Amino acid sequence: MALDEATTAFLTEAAKAGGPGLHEMSPQQAREMNAGLDGLFGAGPDLESVHDVEIEGKDGAFPARVFRPEGARGVFVYLHGGGWVVGTLSGFDTLCRQLADRTGMTVVLVEYRKAPEHRFPTALEDGWAALEWVDARRGELADGGELVVGGDSAGGNLAAALTQRVARDGGPQIDFQVLVYPVTDADFATDSYLDPQNATMLNREAMEMFWDHYVPDRDQRTDPGAAPLHGDVDGVPPALVLLAEHDVLRSEGAAYAEKLRAAGVEVTEHVVPGQMHGFFTFPNVLPGPRRGWTWWPRRSPGARARSAGHRRPGRRGLSAAVDRARSAPSHSPKP
C-alpha cells in the first residue's frame, strides 16, 4: 500500500523546508538536523526514575540513560538508530519512556560513540560494555525478569551482532532480541533498495554515506560484527523483527529473519504497511509507532496495583511478546 497520509504530509512539509539531502550533509550537519527533530516528540510518560550514567568502554567512556518504571521487572538494553553517525539520549528520550511504561522493564538507552570519529568496531564494543554494565547491576536496575537487547536501524544492527557474539563467545544471557528495521548487510542492490517508492527519509545514497563513515574499508563489510547477515545465528535468543513496507532496508531485515528461522530460532516478523524507515522513532508525530506497538506487550494491568503493595504473578516484560507470537502468524505477508 502507499505511504499513509500523515507520513506523506510530513515528507511534503520537510521537502518544502529545502536544504541538502542527508547524503550531502557532513556528519555535523546531519547531527544538527537530527537534533532539530527532538522538540517534535513531546514529553514521554513520567516514570519512577530517570537518570544518566557514564559507562567505561574499551578505550573511553560514553553516556547512557536509565528509565525505570514503578515495579520494574527485567531490563531492556536499547541501542538507538542513526546510521552509527547521529543520535543522542535526548532524541530517544520520549521513545524510551514509552518503552519502559509499556513493557514494565527498566530501559537502558545507550549513546555509543559515533562514526566517523569512532569507526567500526567502536559502537559494537560500546554496546558490549553496556551489556556487561547492565548484567553486573541487574539487581539494582530491576526486580528480576528478562534481559532484552534491541534497537532500530543501526541500533538493530548492533543488537543482532551482540546476540551473535554472546552465542559464540559467551557472556550475559540474553533472553530476547528486538530488531526494528535493522541494518544487516552492505548490499545496496536488494529489491527494496531498487524500489523507488522506498527512497523516503532514508535512501541508497544516505546508507552508502553511513557505511563509508562507519566501515570505510569495504573488505570489513562482511565481518559479522558489521553485517550480521554474514554471521552464525545458532544459539541466539528468540527475536521480534519489525520492518517498514517502504524502507530500503526491508529486504535485508526480512533476509535476517529468514536466516534466524532457518537456524531454528523463534521469530516473530511483521512488515508494518504504509510506513517508511524511521516510523518507529517518531512518537507523538506519526501514527506509525502505534502500529508498531501492536506487536509489543502491554504493561501489566496489575502495575497500578503494585503501588498498593500487590504484584501480578506470571510472565511480564518482553517475554510476553513471544507468548503473543505463538498465537499469531509467524510473519506478515510481504508487500
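Per full-length UniProt numbering, the sequence shown starts with residue 1, numbered consecutively.
Glycine residues also receive a C-beta, built at the ideal position from the N, C-alpha and C atoms.
Note that the coordinates shown come from a computational prediction; the quantities given were computed from them, not determined experimentally.
Exercise for the section: Can you check the stretch 178-258 for any alpha helix (DSSP H) of at least 4 residues that lies completely inside it and give the ranges in chain order? Expected result: Counting only runs of 4 or more residues that sit fully inside the stretch 178-258, the alpha helix (DSSP H) segments are 191-194, 204-214, in chain order.
Problem - C-alpha distance - D4 paired with L179, whole-angstrom precision - result: Position 4 of the sequence shown holds residue 4. Position 179 of the sequence shown holds residue 179. Answer to the nearest angstrom: the Cα atoms are 23 Å apart.
Practice task
Within the stretch 121-171, note down every full beta strand (DSSP E) run reaching 3 residues or more, in order along the chain.
Solution key: 147-152
Practice task
Classify S26 as buried or exposed, calling it buried when 16 or more other Cβ atoms lie within 10 Å of its own Cβ.
Solution key: To locate residue 26, count along the sequence shown from 1; it is residue 26. So S26 counts as exposed.
Practice task
Reducing DSSP to helix, strand and coil, say where H118 ends up.
Solution key: Translated into the one-based positions of the sequence shown, residue 118 becomes position 118. Coil at H118, not helix or strand.
Problem - Length of the line joining the Cα atoms of E13 and A6 - result: Counting from 1 along the sequence shown, the entry for residue 13 is found at position 13. Counting from 1 along the sequence shown, the entry for residue 6 is found at position 6. Using only the alpha carbons, I get a separation of about 11 Å.
Practice task
Figure out for me which residue from D191, P116, R97 has the closest Cα to the Cα of V50.
Solution key: Here residue 50 refers to the residue found at position 50 of the sequence shown. The shortest C-alpha separation from V50 is found at R97.
Practice task
Tell whether a beta-carbon distance below 9 Å holds between F41 and Y112.
Solution key: For the purposes of this step, residue 41 is taken as the residue at position 41 of the sequence shown. For the purposes of this step, residue 112 is taken as the residue at position 112 of the sequence shown. Cβ distance not < 9 Å, so F41 and Y112 don't count as in contact.
Problem - Rounded separation between P172 and A129 - CA only - result: Residue mapping note: residue 172 aligns to position 172 of the sequence shown, counting from 1. Residue mapping note: residue 129 aligns to position 129 of the sequence shown, counting from 1. Whole-angstrom Cα-Cα distance: 11 Å.
Exercise for the section: State buried or exposed for R68, treating a residue as buried only when at least 16 other CB atoms are found within 10 Å of its CB. Expected result: Counted from its first residue, the sequence shown places residue 68 at position 68. R68 comes out buried.
Handout entry: Contact between the stretch 113-124 and the stretch 187-198 (3+ Cβ pairs under 8 Å)
Key = no
Practice task
Using a threshold of 9 Å, state whether the C-beta atoms of T94 and N284 are closer than that.
Solution key: Here residue 94 corresponds to residue number 94 of the sequence shown, with the count starting at 1. Here residue 284 corresponds to residue number 284 of the sequence shown, with the count starting at 1. In contact: T94 and N284 (Cβ atoms closer than 9 Å).
Exercise for the section: Give a single yes or no on whether V272 has its beta carbon closer than 8 Å to a heavy atom of the ligand ZN. Expected result: Here there are no bound small molecules, and the ligand ZN is not part of this structure.
Handout entry: Under 9 Å between C-beta atoms of Q164 and G231
Key = Taking the sequence shown and counting its residues from 1, one reaches residue 164 at position 164. Taking the sequence shown and counting its residues from 1, one reaches residue 231 at position 231. Yes, the Cβ-Cβ distance between Q164 and G231 is below 9 Å.
Practice task
Starting from Q275, follow the beta strand (DSSP E) in both directions and report where the run begins and ends.
Solution key: Your numbering for residue 275 matches position 275 in the sequence shown. Unbroken beta strand (DSSP E) run through Q275: 267-276.
Practice task
Pull up the distance between the alpha-carbon of R306 and that of D212, whole angstroms please.
Solution key: For the purposes of this step, residue 306 is identified with residue 306 of the sequence shown, where counting begins at 1. For the purposes of this step, residue 212 is identified with residue 212 of the sequence shown, where counting begins at 1. The pLDDT assigned to R306 is 31, lower than 50, so where the model puts this residue is not dependable, and the model offers no usable value.
Practice task
Just the C-alpha distance for T268 and Y256, rounded to the nearest angstrom, thanks.
Solution key: On the sequence shown, position 268 is the one that residue 268 refers to. On the sequence shown, position 256 is the one that residue 256 refers to. Each residue's Cα considered, the two are about 12 Å apart.
Exercise for the section: Check whether the stretch 79-90 touches the stretch 197-217, taking contact to mean three or more Cβ pairs, one atom from each stretch, closer than 8 Å. Expected result: yes
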